[in-house]
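Below is one structure, written out as structure tokens; the observations come after it.
Protein chains: 2
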Amino acid sequence: MTKQNSRVEVTVSGPIAPENYDPSAYPPFAVTVDIVIATLRGGRMHVLLVERGADPYQGAWALPGGFVEPDEDADTAAKRELIEETGIGRSTPVHLEQLRTYSDPGRDPRMRVVSVAYVALAPDLPDPVAGSDAAVARWWAVDDVVDGEIGLAFDHARILSDAVERIRAKLEYATVATSFLPRVFTLGELRAVYTEVWGEALDLQNFRRKVLAVPGFVEPVDEVRTGVPGPRAQLYRAGDATEIVPPFRRAPHGEGR
Amino acid sequence: MTKQNSRVEVTVSGPIAPENYDPSAYPPFAVTVDIVIATLRGGRMHVLLVERGADPYQGAWALPGGFVEPDEDADTAAKRELIEETGIGRSTPVHLEQLRTYSDPGRDPRMRVVSVAYVALAPDLPDPVAGSDAAVARWWAVDDVVDGEIGLAFDHARILSDAVERIRAKLEYATVATSFLPRVFTLGELRAVYTEVWGEALDLQNFRRKVLAVPGFVEPVDEVRTGVPGPRAQLYRAGDATEIVPPFRRAPHGEGR
DNA sequence: GCAAAAGTGTTCGATCTACACCCATGC
DNA sequence: GCATGGGTGTAGATCGAACACTTTTGC
């Protein structure tokens, strides 16, 4: 409780913040965004990948992405790319968050590219129609990609793996699972999201109790689900809450499937 | 369970990954790292700030940092800057993790600078001696900075605030609190870290029980603390575990102090 | 002696888990 | 009818918060 805010001198041998900057002394950096767009198709988690049409990694699959433009920040660039690649996010609300930045000097063989990676969660998308300048893109089941069925370009395998772990962890303490579902959904469908992402079955009764115990996680709407065997299921929409307190917990722990 | 891995075409109007890249079409980006170096001094959380010697923001305080060199990634740059600024991290193990990337086009008035921010946690440092090319740096109590006592350069107030929230949240599920302490410490000292960072007093008995219940959080060493009133306290060192399961919980929730 | 802090124990209530059961509907 | 899935209830175990108590040392 004695010394605090004491003024000290420190030795500094490196450059301090952006002072004395000589652009010619540094190579040009390109800054891109790469987006892991995750969705559930037929009950399994999928990501959107784009087939590369040019070297390096020609023919390999890569995460969608693009350059950060001069007048936008990375968040805006990611939002723009998301709309351009999938058409979603324009009107539909989509969960989009920064994952982390990948900056290995050799990650792109051509030049120095620093990539800010993002994770987007979206409901199952209607297959977009091919435009004139369409690039080949398709949904891949995450398990098939991670299990080494295909090799991804650049360091995108690492990015994908980090993204999947982020999604799994985030479902514990955030209400983002609803982002995988359409506007209205049943609690059984919400549970199916957890079941698939975590790869473990949750007790439906206890799950229902816990979800309803979190204020603002879901709000009931005046509709019921018909057309399926069983009783009329109450439909819900996503509420305003973003955090789950106390958090849900996966059975084993941080390790995945 | 029907459609999966279906091949779809999507319209793409923007640039795809780093293909067809024309460097001259884009302005030069500079990439820097900024580091929030946090420590506990006299029981209060402090961060290291550097006084700027040149415009913009001359005379204002800023986070230590510097440019990412051509042959290193951001993690390496952050590690290097940390050593250069404080001398720590060379031999002492220091917790250093990426926070997030800040890329607002106007965040540096001179040019386009994208900054990858880091958080470092360190034990109370011996005041470094001033070198010949010393820059003025000092430890600031976090509360004094956040409460608007001083204005930080660039968007560093935002970065600092994000970093503090990250630290608070991380103490819930990670064993990083030991990074604030010297090699050996008592459980009372570990509790003091939580008390200060969270701003709430934890029950010492329950705290002790929970810490000891996490395998590998702390390991007892063959020493006891002397020189203070009270019984000889058992000393511990940090263990191998990085995660706390089940996580500790702060009383209110995500909001701070 | 007294204050400060370590270490141990116990109680009570909240919470979570794991079931069992009933019901409504599509096929 | 029967499989499917929604909704309700409950007993037991587990966990955690609160608090009481003893002990040991520096001053």
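Residue numbers (full-length UniProt numbering), protein chains in the order written: chain A, 1 to 257; chain B, 1 to 257. C-beta: ideal position from N, C-alpha, C; glycine also. It should be emphasised that the depicted structure is a prediction, and the values quoted were computed from it without experimental measurement.
Take residue 208(A), set aside five residues on each side of it, and the residues of its chain with a beta-carbon closer than 7 Å to its own are 187, in chain order. Not a single C-beta of chain B is nearer than 9 Å to the C-beta of residue 248(A).
For residue 71(B), the neighbours in chain A by C-beta distance under 7 Å run, in chain order, 105. With respect to chain B, the C-beta atom of residue 30(A) has a partner C-beta closer than 9 Å.
Using a Cβ-Cβ cut-off of 9 Å, residue 240(A) does not count as an interface residue toward chain B, since no Cβ of chain B sits closer than that to its own.
One thing to note: residue 47(A) has its Cβ no nearer than 9 Å to the Cβ of residue 118(A). Secondary structure of residue 30(B) (DSSP, three-state): strand. Annotation: residue 40(A) to residue 161(A) spans about 17 Å, alpha carbon to alpha carbon.
For the alpha helix (DSSP H) assignment, the uninterrupted runs of no fewer than 4 residues enclosed by the segment 65-148 of chain A are, from N- to C-terminal side, 74-86 and 142-146. Every beta strand (DSSP E) of 3 residues or more that sits fully in the segment 190-233 of chain A is shown, in chain order, as 218-225.
For residue 173(A), the three-state secondary structure derived from DSSP is helix. Interface flag for residue 162(B) against chain A is unset, since no Cβ pair is found closer than 9 Å. Neighbours of residue 74(B) in chain A, taken as residues at a C-beta separation under 7 Å, are given in chain order as 101 and 103.
Taking 9 Å as the cut-off, the beta carbon of residue 235(B) is found closer than this to the beta carbon of residue 224(B). With fewer than three CB-CB distances shorter than 8 Å, the segment 45-61 of chain A does not count as touching the segment 209-219 of chain A. Looking at the backbone, the Cα of residue 79(B) and that of residue 170(B) are separated by about 20 Å.
Look at residue 36(B): its C-beta is not under 9 Å from any C-beta on chain A. No residue range can be given for residue 243(B), since it is assigned to no beta strand (DSSP E) and is classified by DSSP as neither H nor E. Contacts with chain A at 9 Å (Cβ-Cβ) do not include residue 234(B). Not one beta carbon of chain A lies nearer than 9 Å to the beta carbon of residue 214(B). Taken through DSSP and simplified to helix, strand or coil, residue 186(A) comes out as coil. Residue 167(B) is positioned such that its CB atom lies no closer than 9 Å to that of residue 77(B).
By the neighbour-count criterion, in which a residue is buried when 16 or more other Cβ atoms sit within 10 angstroms of its Cβ, residue 91(A) is exposed. For residue 37(A), the secondary structure class from DSSP, reduced to helix, strand or coil, is strand. Among the residues facing chain B, residue 94(A) is not included, as its CB has no counterpart in that chain under 9 Å away. Here DSSP, grouped into helix, strand and coil, assigns residue 163(A) to helix. Per DSSP, the unbroken beta strand (DSSP E) holding residue 49(A) starts and ends at 44-51.
Distances from the alpha-carbon of residue 203(B) to those of 196(B), 197(B) and 191(B) put 191(B) closest.
Beyond the five residues adjoining it in sequence on each side, residue 156(A) comes within less than 6 Å, by CB distance, of 62 and 63 in the same chain, given in chain order. Residue environment for residue 111(A): exposed (fewer than 16 other C-beta atoms within 10 angstroms of its C-beta).
With contacts defined by Cβ atoms closer than 9 Å, residue 150(B) and residue 81(B) do not form a contacting pair.
Against chain A, a Cβ distance below 8 Å from residue 112(B) picks out 70. Residue 138(A) has its alpha-carbon roughly 20 Å from the corresponding atom of residue 182(A). At a beta-carbon threshold of 7 Å, none of the residues of chain A lie near residue 197(B); the nearest stands roughly 16 Å away. Closest in alpha carbon position to residue 42(A), among 114(A), 97(A), 141(A) and 96(A), is 141(A).
For residue 193(A), the nearest beta carbon of chain B is not closer than 9 Å to its own beta carbon.
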